[in-house]
Every structure is written in structure tokens, then in C-alpha cells.
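Presented below is the structure to which this report refers.
Protein chains: 2
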Amino acid sequence: MLKVGILGGGQLGRMLLQAAANYPVETFLMENDPECPAAHLCHHFTKGDIKNFDDVYGFGKLVNAITIEIESVNEEALEKLDREGVKIYPRPSALKLIKNKILQKQFYKEHEIPTSAFVITENINALQSHENFFPAVHKIASGGYDGRGVQIIKTKADIRLGFDAPAVLEKMVNIDKEISLIVAINEKGDTALYPPVDMVFDPHLNLLDYQLSPAALPEKTLWKIEAIARKVVKELKSPGIFAVEMFVDRNGDVHVNETAPRVHNSGHHSIEANFCSQFDMMWRVILGYPLGNTKHIMPAAIVNLLGAEGYSGDAHYEGLNDVLKMENVFVHIYRKKQTKPGRKMGHITILSKDKQDLVFTANKIKQAIKVISSRK
Amino acid sequence: MLKVGILGGGQLGRMLLQAAANYPVETFLMENDPECPAAHLCHHFTKGDIKNFDDVYGFGKLVNAITIEIESVNEEALEKLDREGVKIYPRPSALKLIKNKILQKQFYKEHEIPTSAFVITENINALQSHENFFPAVHKIASGGYDGRGVQIIKTKADIRLGFDAPAVLEKMVNIDKEISLIVAINEKGDTALYPPVDMVFDPHLNLLDYQLSPAALPEKTLWKIEAIARKVVKELKSPGIFAVEMFVDRNGDVHVNETAPRVHNSGHHSIEANFCSQFDMMWRVILGYPLGNTKHIMPAAIVNLLGAEGYSGDAHYEGLNDVLKMENVFVHIYRKKQTKPGRKMGHITILSKDKQDLVFTANKIKQAIKVISSRK
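Heads up: the sequence lines are chains A and B, in that order. Sequential numbering of the first sequence, starting at 1, is according to the working numbering. Sequential numbering of the second sequence, starting at 1001, is according to the working numbering.
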């Protein structure tokens, strides 16, 4: 029986392990915190630092294959394990490229994958000579995650907010829609594309508001999006699951924003809404099974459950009962002990054939539930 | 956060714990075999004998609530825990009644719940005086499980096959259909009924062949079935999940066969096919959440994956890839290390709006997959 290790024990690890229990596989997990959301769902838990060479290498020697649930892992250890015959999903080469925002942008350019115009900036002073690029987005090359390491530079006055480290400065796209498309690719290079997801942002809060799947797109745009996502994944030359995030601009042109080399928040609805969930699919890739059916059973929306502003401490889910009463709604609480503002504490999936119902219920859920702590 | 214990670590425990990972709950499990299907999916595993008073009592003192995934647990320990304030699902009184086939039959009679005619037999000799009952089914009062402890007595010549222990002798029903209906009932007495399931038997092998949900039934029969199932569960006076198994005879009359006081094989399709699965529902009952929506997302069939005749030893799943290629099919392997003839090794759920497709795919799956061992 295959032994498979996961680096990282957050909600993605948790959902990967829920799905693993449908298959004959022996699971291993490494994470520093033994109380993390995924720790109790594996066969063998190893306490260790996923950024530390020795920890990752030692863990890798226990298993036949490794996957990640977060990018910030020790690449050097994975490269050595790869050379020694451990299967790594995604391949260390693809991970390395994606982790560095400069390399990632250069990769798109090199393979003629449409992406916003950019320049590389070595330090904060370099921004001075790129005024013609503003309004722009400054992204630090390494170490950014979940909104950190990204800064909007609208005018010259914002330059002081930029990063004094290697970074990319990207020309801002006049965004009509943000789309995510999840692609699975196996060892043989077969691909399976999920229907694209419309990531609807709240224009005031700049937070992901809810996600709709499948996205409503003109057929021509859909073809473009699918062709681009497939191209990105083919050129990464690695089996695994990839979430290709794209902007559709007001002219209908598509620009790749960035790619995640793993299961992704924009695919969580697939647990209930698609014949094969992204988590099930990941196991199919690792275990060498045929790729699954990415089609929808029913259209879906996701609402992310974020820690409310102003609350830090032991998590409490206010209004959970009201949400659990709703007829076509699926609750996923990640059981993180501590909440803090903006922390991903869970998600809620809505199924409905009627798009208006999806949007209506998503808004109702956002009103009904709040992750707070007993003390402010 | 509520601490909940499960007695037994088989596939039902496994699927209960997969569902638990959607909620804020701390899980405990007791089972003798630390390599059982469910052991690795709980927060706290206790090695212990679920039939032993001290083991069950000690385990129960660790938690706020206990549920079971098999009936053969130590009732006395549960009764003591119940008195000491641990919540037990189902209540020990309901479990005790159901575990004993004589008490169970008397319960149906006492509450005027339709069930086949029966007599109680204290020993094998008592069968001699009930020839007028033949053809009949002889069921041992205690200790039967999964087909064991049940014997068909067609004629006087079969009397020697009967049980020389307290048992019930039931007049055989001229069965048209076997139906299972799963009911959830919470502390307040609110009930939620799943659509009834048609359990289709292979007339040659006397094995459950596949299950279809919802069952095709005349509306009048459906009403009868629902009223009877609700009555059974109300009279058991216990929160929990109950599977009421019924016969519909050739006159359209309904007879309760038996009731299981827990999540049940006939409800496994609910994981993918219903808005709230039976496993999710069990957690809603225990955690005091509102009952979920039992409606179908799509009609479904289940094929049980049983150990093939003639094979015992390390399990191997021949044809698994062929099944995983099918578009509307969900595989659940329980990861039991050893297969033996007839052992439940997994199940496969099929979703389709088209009943003919469900039956066709069920048969295709039965042809495609076989659980064998490397050595005969």
C-alpha cells in the first residue's frame, strides 16, 4: 500500500485526509503544531518544521510520495528526495518557479502565456523609474502569502509602500472578472479541467466575497480561459493539481494573475458540487488512478468564513445554527482553536440550479454567521 | 468544545469521523484493533474491548457523549454512564430492546407496529410444536449479526438447523420488496425521514445485490412505510439515527423486519446523493444542531464490495481502475487489511437521474470489480 506524506496541516490537509479515507492509502503528515486542523486525520503524524531541510528530508524518507498544502516548504529537501526516487506532487521544479513571483512572471512571458505587463524591481528605489507603469501592483518575489507581500501603487506618492527587496511591478489590469480554473494533470500528462469559478470580490473591503461555479462567461472567453489554463499546466511539466487564477478585462482579454500548485480555496465547492472533488482528484493523481469527472452535479457557491474584525482568541461560531437550518447548504468548520481578523476559519458551500438562489443564499449566510471570540 | 466517543472502529466509525471533520468537535474512539478502519481518524484513540464493562465505562468518563457503530457493546457500562450524565446515542434502553430479538418483536407487538407473526422458542425442541408456522425464520435472541443467527426453517426436516437457545420463530412473509428507511430523531423529538431505499436481493445468492434510492413505491405504500418508521422511532424514545427495515408483501402490506439503532449500510449513498448525509445527520443530533435536509440531490444506487468467495488474506482490489473511470461513480474502500468471503470491504455509490442507468451501472460495477487476496 502506498505511503503518502503531506507537508502542512491546515484546512487543505484536513480536506485531503477526509478524501483519503475513501482509498487504500497510508497517510503521513508533518506540521509543527500537533493541534493543527489536519493532524488527527492521518495514520502517522510527525511534528516538524516544513521549512527545515532536515525535518522535510527525514519525513520524506518515510514515504513513497509527498504532496504539499502550502508553498512555503523546504524546496532543497524536496529536490534531494526527488533525486532519490520519492514522487513529489508538484515537482520541485514547478514549485520553485511558482514560489518566486519573478520567476513565475518570466515563465508566463517565456511561454507566451498572456499576463499583465511587468518589470522586475531589485529594491524600493527602482520604483522611481517606472512611473509610467502606475497604477500598478507590487509583489514581493518570495515569502508573500494570502494577501501579504502585495501592495497597490496608484501614484508616485505610494512608492514608499513598495517592497525594498526583489519584486515584480505589474501594470494593473482593468478587471471585469476574476476567474480561477483548477486543472488536474497526471504522470502521463492527461489533464482534467474543472469548470471555471467566478471569484466575486467586495469592492469596498477588497476581500473575496463569494465564489460562483460555473462562472457565467461568453463561450469564446471560456475557450480562451481553458486553453490558457491548460497551457500553463502543460508548461509547468509536473503532475498535480493547479489553480490558475486569471483576470478577464473589460475587452474580454484574459491575463494570468498567478498559479497555485496545489488544491485551492476556489475549488472547495467541488466536495459536494462536482462528481470528483479536487481532493479526491489529488489522490487519483498520486495513487495513479484514472482522473475523475470534473463535471458539476449542481452549480454551487462558496462563502468563506473569515475571523471577524476586532476578535482574537478562542473561536466561537455565532449564528451557526441559522446556517445549518438552510436546506441546500454544507458547513465546513476547520476547527482552528484561535480566531483572528481575516483568518480562514471555515467555508460554506451552497448548491442550487438557480444562480439567483446561490447569490441570495450566499448573502443570507454572510449576514447570519460570524466567527468571534469570547473576549474582544 | 464537545468531546464525543465512538464505540467500534469499522467502516461506520470511519465514515462518521470523515463527517466529523466538518464540525468543531473533539473525537474519541475505542476498539481493540489499532489498525481498524476508523482508528486513525479520531483525535484520541483508546485500545479497549467494547464488550468489557471497565473498558467502556473508563472510555465513557473521558467524553460528554457516546455513540456506537455496532450493537455488541457493553450495555451495563452505558447504563451507568447514562445515569452519571454522559449522553448516549442511542439511549441504553433502546439499544437493549433492539439487541434482543425477542424484546424487539414484543416491542412491535405491544405498540401495534405491523410485523410478521411470531412465537418465542426457548430451545430447539420447542420448534416441534410450531409446525403450523413453517415456512418460518428462526432468529436467535442475542448475539446474531450480519446474517449470523438467522436460519430459515422451511419444513419439519429443517428443525435440526434451528437454535438451541432463546429465539423467535417468525412466519415467513411473502416478500415483494425489502425497504429500509432511515430516521433521525433529536433530543426534542423532531424527526427527519430519508427517502426509503429499495434493497434488491439476488434470489440465487441470498445476498444484498444493490440498493436503489428513492425506492419506487405506490404513494399509499410510501405513506404507510413512513408512518410505521416514524412510529417505531417515536416509541423507542431515544435520540439518534435508526434504520427501520421493512418488508412489503404481495398484498402491499408492510411488516417491520427489524430496526438498527445507528447509521446503516442502506444509507451510505446519502454521502453524495442527499443534502445531509446520515453521518452528517448523526453529528447534528449529537451536537444539538438543527436536523439536516434529507432530500435527494440526485437518485442513487449502492453496490456493496464484498470479499470474493475463495479468497482470504491481504486485500487486493481487482478492477478498481475500471470502476474509477466511470463518470458518476464514487468509490469507498474501507481499508480493511484482510479480506474474507462476504466481508464488507467497501461500497460504491452511483448517481443518476435515470433509474435504468443506475441499475445498468450497478451491474457493470459488479462485473468489473472483485476483492481478492494475493493467495487463495
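No residue lacks a Cβ here, since even glycine has one placed at the ideal position from N, Cα and C.
Among the CB atoms of chain B, none fall inside 8 Å of the CB of Q278 (chain A).
Between the stretch 1181-1201 of chain B and the stretch 1047-1055 of chain B there are fewer than three inter-stretch CB-CB distances shorter than 8 Å, so the stretches are not counted as touching. With respect to chain A, the C-beta atom of A1192 (chain B) has no partner C-beta closer than 8 Å. E327 (chain A) reaches chain B at F1275, N1293, counting residues in chain order whose Cβ is nearer than 7 Å. The stretch 1065-1080 of chain B and the stretch 1088-1103 of chain B touch, with no fewer than 3 CB-CB distances between them shorter than 8 Å. Looking at the DSSP output, E258 (chain A) sits in a beta bridge with A:E245. In this structure, E75 (chain A) places its C-beta atom within 8 Å of the C-beta atom of K96 (chain A). Taking C-alpha positions only, N1100 (chain B) is separated from S1142 (chain B) by approximately 5 Å. At a cut-off of 8 Å between C-beta atoms, Q104 (chain A) does not count as an interface residue with respect to chain B. Fewer than three Cβ pairs drawn from the stretch 1283-1303 of chain B and the stretch 1247-1263 of chain B lie within less than 8 Å of each other, which leaves the two stretches out of contact. Shown here, D1190 (chain B) sits in coil according to DSSP, grouped into three states, outside any helix or strand. Taking C-beta separations shorter than 7 Å and ignoring five residues to either side along the sequence, the partners of D1190 (chain B) in its chain run L1291, following chain order.
Between the beta-carbon of A1136 (chain B) and that of K1171 (chain B) there is about 6 Å, and that keeps the pair under the 8 Å contact cut.
If you draw a straight line from the Cα of H1264 (chain B) to the Cα of E187 (chain A), it comes to about 38 Å. Per the coordinates, the alpha-carbon of I1120 (chain B) lies some 22 Å from the alpha-carbon of S1072 (chain B). If only complete runs of 4 or more residues are kept, the stretch 293-369 of chain A shows the alpha helix (DSSP H) at 320-324, 355-368, in order along the chain.
Note on geometry: alpha-carbon atoms of S1213 (chain B) and Q1278 (chain B) lie some 14 Å from one another. Counting only residues of its own chain and dropping the five nearest sequence neighbours on each side, I271 (chain A) has a CB closer than 6 Å to the CB of S277.
For L12 (chain A), there is no enclosing beta strand (DSSP E); the enclosing alpha helix (DSSP H) covers residues 11-20. Scanning the stretch 1069-1107 of chain B for uninterrupted alpha helix (DSSP H) segments of 4 residues or longer gives 1075-1083, 1092-1099, listed from N- to C-terminal end. Chain order gives the chain A residues near P1290 (chain B) as N321, L324, K325, where near means a beta carbon separation below 8 Å. Interface annotation for the stretch 295-307 of chain A against chain B: K295, I297, M298, criterion Cβ-Cβ distance under 9 Å. Beyond the five residues adjoining it in sequence on each side, K1003 (chain B) comes within less than 6 Å, by CB distance, of E1026, V1063, N1064 in the same chain, given in chain order.
Boundaries of the alpha helix (DSSP H) harbouring V233 (chain A): 219-236, taken from the DSSP string. Approximately 42 Å separates the beta-carbon atoms of A157 (chain A) and L193 (chain A); this is outside 8 Å, ruling out the contact. Within 8 Å of the CB of P195 (chain A), no CB atom of chain B is found; the nearest one sits about 15 Å away. For the pair F28 (chain A) and H43 (chain A), the CB atoms are nearer than the 8 Å cut-off.
In this structure, the alpha-carbon of I1365 (chain B) lies about 10 Å from that of V1359 (chain B).
At the C-beta level, P34 (chain A) and K47 (chain A) come within 8 Å of one another. If you check each beta-carbon in the stretch 12-26 of chain A against every beta-carbon of chain B, the ones closer than 9 Å belong to R14, M15, L17, Q18, A19, A21, N22, Y23, P24, V25, E26.
Taking 8 Å as the threshold, the shortest C-beta distance from R343 (chain A) to chain B does not fall below it. Under the Cβ distance rule, H1268 (chain B) does not count among the residues neighbouring chain A, no pair being separated by less than 8 Å.
At the C-beta level, H332 (chain A) and I350 (chain A) stay beyond 8 Å of one another. DSSP, read as helix, strand or coil, puts G1060 (chain B) in helix. At a cut-off of 8 Å between C-beta atoms, I333 (chain A) counts as an interface residue with respect to chain B. Measuring C-alpha to C-alpha distances from D1314 (chain B) to each of B:K1337, B:G1307, B:A1273 identifies B:K1337 as the nearest.
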